[in-house]
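Shown next, in structure tokens, is the structure this report addresses.
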Amino acid sequence: MENTLLGGGGGGGGISGGMSIVSREENNMAMSSDESSSYPDESELELGLGLSLGGGAKSKSKPTATAGPWGQYARILTAKDFLSVVSTKESSSSSSSSSSVTKANNNPSCGVKRTAEPSSPPGRSGASQVVGWPPIRTYRIQSLVNHAKSPMTEEITSAVDKWLLKASLFVKVNMDGIPIGRKVDLNAHSCYETLSQTLDNMFKLSVAVGARRSNAEEQVVMTRPSRLLNGSSEFMLTYEDKEGDWMLVGDVPWEMFLSSVKRLRIMRTAEANGLAPRSHERNRRQSIAPV
Amino acid sequence: MLNYFPEEVLEHVFSFLTSHPDRNAASLVCKSWYNVERFSRVKVFIGNCYAIGPERLISRFPRVRSLTLKGKPHFADFNLVPYDWGGYVYPWIEAMAKGSTNLEELRLKRMVVSDESLELLAKSFPNFKSLVLVNCEGFTTDGLAAIASNCRFLRELDLQENEVEDRRGQWLSCFPDSCTSLSSLNFACLKGEVNVAALERLVARCRNLKSLRLNHAVPPDALQKILAQSPQLVDLGAGCFAHDPESETYNKLKNVMQKCSSIRSLSGFLDVNVRCLPSIYPICINLTSLNLSYAPGIYSKELVKLIHKCKKLQRLWILDTIGDKGLGVVASTCKELQELRVFPSDFYGVGNVAVTEEGLVAISAGCPNLNSLLYFCQQMTNAALITVAKNCPNFIRFRLCTLNPTIPDAVTMQPLDEGMYAEQLEMLSIAFAGDSDKGMVYVLNGCKKLKKLEVRDSPFGNMALLTDTGKYETMRSLWMSSCGVTFGGCKTLAEKMPRLNVEIINERDEMEGRPDDRQKVEKMYLYRTLVGPRKDAPDFVLTL
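So the sequences go chain by chain: X and S.
In this text, residue positions in the first sequence follow the working numbering: the first is 1, and each later residue adds one.
In this text, residue positions in the second sequence follow the working numbering: the first is 1001, and each later residue adds one.
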């Protein structure tokens, strides 16, 4: 959509340099457009090439075909993923494609999330998954799932749930008394316990709490369920929700927590007294001043 | 010569210029044209909300009445852009409210829209008529209530695929009894209940209603009553279509549907009982647009029966449950087809029949007018693509996603050359493709009209990024994620091109500080801008 300068009109109508540069910039930089239509993308010339990723053993592959370079690392999750047998890929590699295979697999910034051995049980660690693939809007995936006709088994539901989750959900964590904050990926956890353990480790809580703890107690703290959640520690785990209020972590179902948390704060228990557990009637909530 | 025309004449002439490129060109001719154009421009399109600021827009176009804004990069659709990245509409609405803009129409795509924004919008522009939100988020039904209550002349409320939090309010009842101006209402994406009685009354008093798309919560008997009130509908989105075929309601629906001879576009069917589909057979012959891509409940056999009656179809969106055979029926029935989208249905591996290259080839043979395609399939071959390109020379939009690769690795370029108009290409998405930097360089050189390029998980590095840095000022944006580009490469680019914002999106631990130059960049998004680095960037975005 390059803008070409039309020849000026006759006579004295020269083009004033400063103005036209600005307006040309604006036209080019900000306002070169698509034709307006009710579907904004419609008139754009658009090409999308998605080469994917691993295939079922039943694909009709031609002799020259190469199996997905990403092999079993990425494909649409199927119910078969959750059986303990994994289909081994037979890759008929041609010489030119094998180099791209290796390259891709060694590419550290490749978006593939590799997880535990394929034969591990279903659940979060049971299958691998590429973020945002295939390229379908979350809205559409959710809609199909919600209106599915076939009965959804546990494995299938969890597979789809994983599909719907964003790649990572990093939120800030600050701890009272420590100036530098950290970040934690909430999507790497499926329950409060593991999150709390991670935070324990991250902030070395058993140590940070100070000289009052002996080494023996340190050991015990590590193996027992995290004290952040049960109120027995000097610190409490709190979070700021989307409305800006600070809540105690652990009062609502995990998924609800994920959808409303903005950031975490490990707060001294003394200060946390003002917090009320989250209730469904928003009026009755108390909040304390955030960090 | 033209300088001797009074400005009113110029203005009148310009009123026939509706396309943005034409208007942009006219504004550059001379100062007088610039001024006339700028005071007469009514519709403005901003493809990237960070390319320019709202104040500057308003000062140049004080009489703007319609604004279209796009926010997040396209890959946000697939969860590749973090939640808080940006794209807020509030500053735009605030600036226009302060500038007393006479805003009548606002169309947003991939932007964050808060309830406060909607409230401000509803209260600041007395002539506001049309709100179209596509793939936006951040608002609730409370915001919709504000629009319904305050926009006295509202004609269009079109919500397409947004994430809307349902507050169980009564937003539909907020349309006052005096509201009779609605011509388009689309709330198919809302997840919650609506006040059905209020909906029926609203439809009854809006005699100009042409487009109505309901969500799943509108029950069958309400649908029947609504259609009885509005036989003038041109576009219908049926949410719930799961009647009991033996019921009186269904009987009434059948009768009413026959009278809806104006319907040209049909969509929805989120919940469907296939035994009720015959009720729409009478209108099939008139349909030019059919979207059944949200209707997994309609099996291939039923789909085919339906489509067989839709001889005038120009646009078809379906699930791959239709299968290759079904596509063959489409090819032999829908001779006027221009746009086809085939979406995948199998997310849970029950072994549904999918489509292959055969289906696409059949379509291309039967539908020579095909110019827009989105096709998810199990496999594709080069030969098939070549055939398709030969059969359908008019493609303006082509998106293909194979779920099993059989294309050799030179795929990025070769099939495109064969009859695909790469020179006309404005947008290109590349994923898991290409061998080396050369591929990307080839694209940047060959696609002269390229506006948007987005690449993920492909081995393109600094060489490709830096070969032609001037190119990026001719484009709207470039996205690269999980490629070979390094921090140092991005820095070099940013230093060279001050009118680009080069954003590094890095969600990992803050404590790492500034990364090493040799470190690969997880996600990079760059775009041309006149207003420098944006001030609302979250802390995980570093603008170089």
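Each residue gets a CB set at the ideal place from its N, CA and C atoms; glycine is no exception.
This structure is a prediction, so every number in the text was calculated from the model and none was measured.
Along the length of the region 1290 to 1336 of chain S, whole beta strand (DSSP E) runs at least 3 residues long occupy 1315 to 1319, reported in chain order. A contact between stretches requires three or more CB pairs, one per stretch, nearer than 8 Å, and the region 1469 to 1489 of chain S meets this requirement with the region 1519 to 1530 of chain S. Counting C-beta pairs closer than 8 Å gives three or more between the region 1069 to 1081 of chain S and the region 1466 to 1481 of chain S, which meets the contact rule. The contact set of X/E25 on chain S, defined by CB atoms closer than 9 Å, consists of R1499, L1530 in chain order. For S/C1490, no beta strand (DSSP E) encloses it; the enclosing alpha helix (DSSP H) starts and ends at 1487 to 1496. The C-beta distance from S/V1196 to S/P1219 rounds to 7 Å, short enough to meet the 8 Å contact threshold. Against chain X, the beta carbon of S/H1243 has no neighbour under 7 Å; the closest one sits roughly 16 Å away. In summary, S/F1269 is buried, with 16 or more beta-carbon neighbours lying within 10 Å of its beta-carbon over all protein chains present. Of all residues in the region 1003 to 1028 of chain S, only N1003, Y1004, T1018, S1019, H1020, P1021, R1023, N1024, A1025, A1026, S1027, L1028 place a beta-carbon less than 9 Å from a beta-carbon of chain X. S/M1480 has S/V1455, S/M1524 as its beta-bridge partners, per DSSP.
When only Cα atoms are considered, S/D1271 and S/L1292 end up about 11 Å apart. Of the candidates S/T1492, S/F1139, S/L1069, S/L1069 places its Cα closest to the Cα of S/R1107. Secondary structure of X/L264 (DSSP, three-state): strand. At a cut-off of 8 Å between beta carbons, X/S143 contacts chain S. The beta carbon of X/A270 sits no closer than 8 Å to any beta carbon of chain S. The C-alpha of S/R1167 lies about 21 Å from the C-alpha of X/T138.
In the three-state reduction of the DSSP assignment, X/I178 falls in the coil class. According to the DSSP assignment, S/I1058 belongs to no beta strand (DSSP E) but to the alpha helix (DSSP H) extending over 1054 to 1060.
S/K1259 is classed as exposed because its beta carbon has fewer than 16 other beta carbons within 10 Å across all chains shown.
In the three-state reduction of the DSSP assignment, S/T1140 falls in the strand class. Collapsing the DSSP output to three states places S/D1166 in coil.
In this structure S/F1016 is exposed. Its beta-carbon is surrounded by fewer than 16 other beta-carbon atoms within 10 angstroms. For S/Q1160, the enclosing beta strand (DSSP E) begins and ends at 1156 to 1160. The closest CA to that of S/L1500, considering only S/N1506, S/R1201, S/P1533, S/C1483, is found on S/P1533. Approximately 15 Å separates the beta-carbon atoms of X/L186 and X/V131; this is outside 8 Å, ruling out the contact.
By the C-beta criterion, the region 1246 to 1255 of chain S is judged not to be in contact with the region 1292 to 1302 of chain S, since fewer than 3 inter-stretch pairs fall below 8 Å.
Chain-order list of chain X residues neighbouring S/V1044: M31, by C-beta distance under 8 Å. Below the 8 Å Cβ cutoff, chain S contributes F1075, F1078, N1079, L1080, R1456 as neighbours of X/G132, in chain order. Residue pairing from DSSP places S/G1268 in a beta bridge opposite S/A1238. From the beta-carbon of X/Y139, the residues of chain S found nearer than 9 Å are D1077, N1135, E1161, N1162, E1163, C1189. If you draw a straight line from the Cα of S/K1305 to the Cα of S/L1327, it is about 12 Å long. Put simply, the backbone Cα of S/Y1375 is about 15 Å away from that of S/C1367. The Cβ-Cβ distance between S/V1089 and S/S1117 falls below 8 Å.
Within the region 1362 to 1402 of chain S, the runs of alpha helix (DSSP H) at least 4 residues long that lie entirely inside it are, in chain order, 1382 to 1391.
It is roughly 9 Å from the alpha-carbon of X/T269 to the alpha-carbon of X/L237. Fully contained in the region 1006 to 1075 of chain S are the following alpha helix (DSSP H) runs of length 4 or more, in chain order: 1007 to 1014, 1020 to 1027, 1031 to 1040, 1054 to 1060.
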